[in-house]
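Enquirer: According to our numbering, the residues represented by the sequence shown are 150 to 348, in order.
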Amino acid sequence: MKIDVGRGWYPLVLDAVLKISQLPDAWNARLRRADRMHGLLRVDVAVNLPDSSEELGDQTSTIGAIQRIARVVSMMTCEACGRDGRLRIGVRRSRMLCEDHACLVGERHPMDGLVSEIDRDRHPELYFRAEDADVEKAEIFRMWSEGIVPMRVVTDFLRIGRTDVYHAALEAGHGTGLREADPEEVRIVIEMLDPSRRH
Numbered sequence: 150m151k152i153d154v155g156r157g158w159y160p161l162v163l164d165a166v167l168k169i170s171q172l173p174d175a176w177n178a179r180l181r182r183a184d185r186m187h188g189l190l191r192v193d194v195a196v197n198l199p200d201s202s203e204e205l206g207d208q209t210s211t212i213g214a215i216q217r218i219a220r221v222v223s224m225m226t227c228e229a230c231g232r233d234g235r236l237r238i239g240v241r242r243s244r245m246l247c248e249d250h251a252c253l254v255g256e257r258h259p260m261d262g263l264v265s266e267i268d269r270d271r272h273p274e275l276y277f278r279a280e281d282a283d284v285e286k287a288e289i290f291r292m293w294s295e296g297i298v299p300m301r302v303v304t305d306f307l308r309i310g311r312t313d314v315y316h317a318a319l320e321a322g323h324g325t326g327l328r329e330a331d332p333e334e335v336r337i338v339i340e341m342l343d344p345s346r347r348h
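1. For the beta strand (DSSP E) that contains residue 238, what are its first and last residues?
2. Hey, how far is the Cα of residue 168 from the Cα of residue 310?
3. Can you list the beta strand (DSSP E) stretches of 3 or more residues lying completely in the segment 207 to 252, in chain order?
4. May I ask you to list the residues that DSSP assigns as paired with residue 286?
5. Do residue 154 and residue 190 have their C-beta atoms within less than 8 Å of each other?
6. In this structure, how does DSSP classify residue 140 when only helix, strand and coil are distinguished?
7. Counting pairs of Cβ atoms below 8 Å between the segment 250 to 267 and the segment 199 to 219, do you hit three or more?
8. Please report the straight-line C-alpha distance between residue 279 and residue 186, rounded to a whole angstrom.
9. Decide if residue 175 is buried, meaning its Cβ has at least 16 other Cβ atoms within 10 Å, or exposed.
10. Quick one: Cα of residue 152 to Cα of residue 201, how far?
11. Note down, in chain order, each residue of its chain lying with its Cβ closer than 7 Å to the Cβ of residue 232, except the 5 sequence neighbours on either side.
12. Could you give the first and the last residue of the continuous beta strand (DSSP E) run that contains residue 195?
13. Classify residue 169 as helix, strand or coil using the three-state DSSP reduction.
14. In terms of DSSP beta bridges, what is residue 152 paired with?
15. Could you tell me which residues DSSP puts in a beta bridge with residue 257?
16. Can you list, in chain order, the residues of its chain with a C-beta nearer than 7 Å to that of residue 172? Leave out the 5 residues immediately preceding and following it.
17. Using the three-state DSSP reduction, which class does residue 203 fall into: helix, strand or coil?
18. Since residue 241 and residue 188 are thought to touch, with beta carbons under 8 Å apart, how far apart are those beta carbons, to the nearest angstrom?
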């Protein structure tokens, strides 16, 4: 099982897992993967195929309902924190995010706020291919170092500590994002650069 979504969607994934666990034992249903597709939660379920076509129809409709519920609820839920959210469309990526985390998509696409779901047929210009997670992280670190994305948003979304953000930004050749001398942040950077000074 692979779960590759922000922690704001963990309750949605857990709800899908609980529903899957209540399916008939003969189906041997299990969550294979939870990830995002075009900004929405996608739940992939593996099952044993039944013997009859009638049972196959039941299986298909039941699992389809679990997948649709997860998808629809994700349309209203911030992937980063779980609060109310909407589709935020950036030039390079789209995500379901609240106002506080909207900066994670970077530069906004002109269609941002005009569509609630990316449809390959109706809006082909908005149909994004999945990006490499490392490329997205690097872009988020760059935006943080330029003061576009706050530290709190980066740590929430990437589920990492502040020291990791500083380290990753510096490793990538970006600045530290320090605009004003926050003593706590300065201490973290000094400790990161000189481990002998750690308390």
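Every residue, glycine too, gets a C-beta built ideally from N, C-alpha and C.
Bear in mind that the values here come from a model prediction, so they are computed numbers and not experimental data.
Expert: Well, looking at it:
1. One-based indexing of the sequence shown puts residue 238 at position 89. For residue 238, the uninterrupted beta strand (DSSP E) run begins and ends at 235 to 238, by DSSP.
2. The count along the sequence shown starts at 1 and reaches residue 168 at position 19. The count along the sequence shown starts at 1 and reaches residue 310 at position 161. Near 33 Å, if we compare the C-alpha coordinates of residue 310 and residue 168.
3. Within the segment 207 to 252, the complete beta strand (DSSP E) runs of at least 3 residues are 235 to 238, 243 to 246.
4. Against the sequence shown, residue 286 aligns to sequence position 137. Its beta-bridge partners do not exist; DSSP assigns none.
5. The count along the sequence shown starts at 1 and reaches residue 154 at position 5. The count along the sequence shown starts at 1 and reaches residue 190 at position 41. Cβ atoms of residue 154 and residue 190: closer than 8 Å.
6. Beyond the ends of the chain as shown, which are 150 and 348, falls residue 140; an answer cannot be given.
7. Output reads no: the segment 199 to 219 does not touch the segment 250 to 267.
8. Walking along the sequence shown from the start, residue 279 turns up at place 130. Walking along the sequence shown from the start, residue 186 turns up at place 37. Caution applies to residue 279, whose pLDDT of 48 falls short of 50 and renders its modelled position unreliable; the value that the coordinates give is listed next. In this structure, the CA atom of residue 279 is about 7 Å from the CA atom of residue 186.
9. In the sequence shown, the residue the question calls residue 175 occupies position 26. Here residue 175 is exposed. Its C-beta has fewer than 16 other C-beta atoms within 10 Å.
10. Against the sequence shown, residue 152 aligns to sequence position 3. Against the sequence shown, residue 201 aligns to sequence position 52. Each residue's Cα considered, the two are about 32 Å apart.
11. One-based indexing of the sequence shown puts residue 232 at position 83. Apart from sequence neighbours up to five positions away, the residues of its chain that approach residue 232 with a beta-carbon distance below 7 Å are 247, ordered along the chain.
12. Taking the first residue of the sequence shown as position 1, residue 195 is located at position 46. 189 to 195 is the extent of the beta strand (DSSP E) around residue 195.
13. Reading the sequence shown from its first residue, position 20 is the one you call residue 169. Under the three-state reduction of DSSP, residue 169 is assigned to helix.
14. Here residue 152 refers to the residue found at position 3 when the sequence shown is read from its first residue. DSSP output for residue 152 lists 183 as bridge partner(s).
15. Counted from its first residue, the sequence shown places residue 257 at position 108. 239.
16. Along the sequence shown, one-based indexing puts residue 172 at 23. Leaving aside the five residues that flank residue 172 on each side, the residues in its chain whose CB is nearer than 7 Å to its CB run, in chain order, 178, 211.
17. Counting from 1 along the sequence shown, the entry for residue 203 is found at position 54. Here residue 203 sits in helix by DSSP.
18. The residue you call residue 241 lines up with position 92 of the sequence shown. The residue you call residue 188 lines up with position 39 of the sequence shown. Between residue 241 and residue 188 the beta-carbon gap is near 12 Å, outside 8 Å, which marks them as no contact.
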